[in-house]
Amino acid sequence: MQRRDICPYYKSGFCTSPMLDTPSDSVTSPNRCFKSYRGCRYYQDTGEEKQGLELYQGVDQEVKFYPKVNVMETPLDSQCEHYRPVRTQRGYVAYCNMLARVLTVSNASMCNKHWQTCPIRTS
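Under full-length UniProt numbering, the first residue of the sequence shown carries the number 1, and numbering increases by one thereafter.
Structure follows, in structure tokens:
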């Protein structure tokens, strides 16, 4: 059984859902906690189960950007933990989680080269 087939709140036979005051084994059952846990009333979808490209789906609808200023043909990478290259229909854009906005191409280039001295990271 794969990890994603098991409820994230199921721990050693107990339900640890935040909807319960304390962990309880009275609400657990194999039928509910494995495979069909999304229908359980104690399950809350936190969005953490998304993996890979699922994490970035819909980003171009959520974030406004200007193609001539923000879109890159090839993605730039950065060692900064707040930097995130996002694929769009027009190319790639760089997104900064700390600033919560799309970076310009020149900002992305600076983040790629000088990520250790970024004033946003050190504040």
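Where a beta carbon is used, it is the ideal one built from N, C-alpha and C, also for glycine.
If you're wondering where the values come from, they're calculated on a predicted model, not measured in any experiment.
Which same chain residues, not among the five before or five after residue i, have their C-beta less than 8 Å away from its C-beta?
i      : result
Trp115 : Ser78, Gln79, Cys80, Tyr83 and Arg121
Val71  : Phe65, Thr88, Arg90, Gly91, Tyr92, Val93 and Val105
Lys11  : Pro23
Gln44  : Ser17, Pro18 and Met19
Taking the alpha carbon of residue i as the point to measure from, which residue in the options has its own alpha carbon closest?
i     : options                        : result
Val69 : Lys35, Ala108, Ala100 and Cys7 : Ala108
Asp5  : Ser29, Cys33, Met110 and Leu20 : Cys33
Asn31 : Gln44, Thr117 and Cys7         : Cys7
Enumerate in chain order the residues of its own chain whose CB-to-CB distance from residue i is below 7 Å, with the five nearest sequence positions on each side excluded.
i      : result
Val27  : Cys15 and Tyr42
Glu73  : Gly91
Lys113 : none
Would you mind giving the Cβ-Cβ distance between residue i and residue j, rounded to the nearest angstrom? I have them listed as a contact below 8 Å.
i     : j     : result
Pro85 : Leu76 : 7 Å
Please tell me whether residue i and residue j are closer than 8 Å, where the distance is taken between their beta carbons.
i      : j      : result
Asp25  : Gly13  : yes
Leu103 : Cys111 : yes
If you drop the 5 nearest sequence neighbours on each side, which residues of the same chain put their C-beta closer than 6 Å to that of residue i?
i     : result
Ser17 : Tyr9 and Tyr42
Met19 : Tyr42
Tyr95 : Arg84, Val86 and Val102
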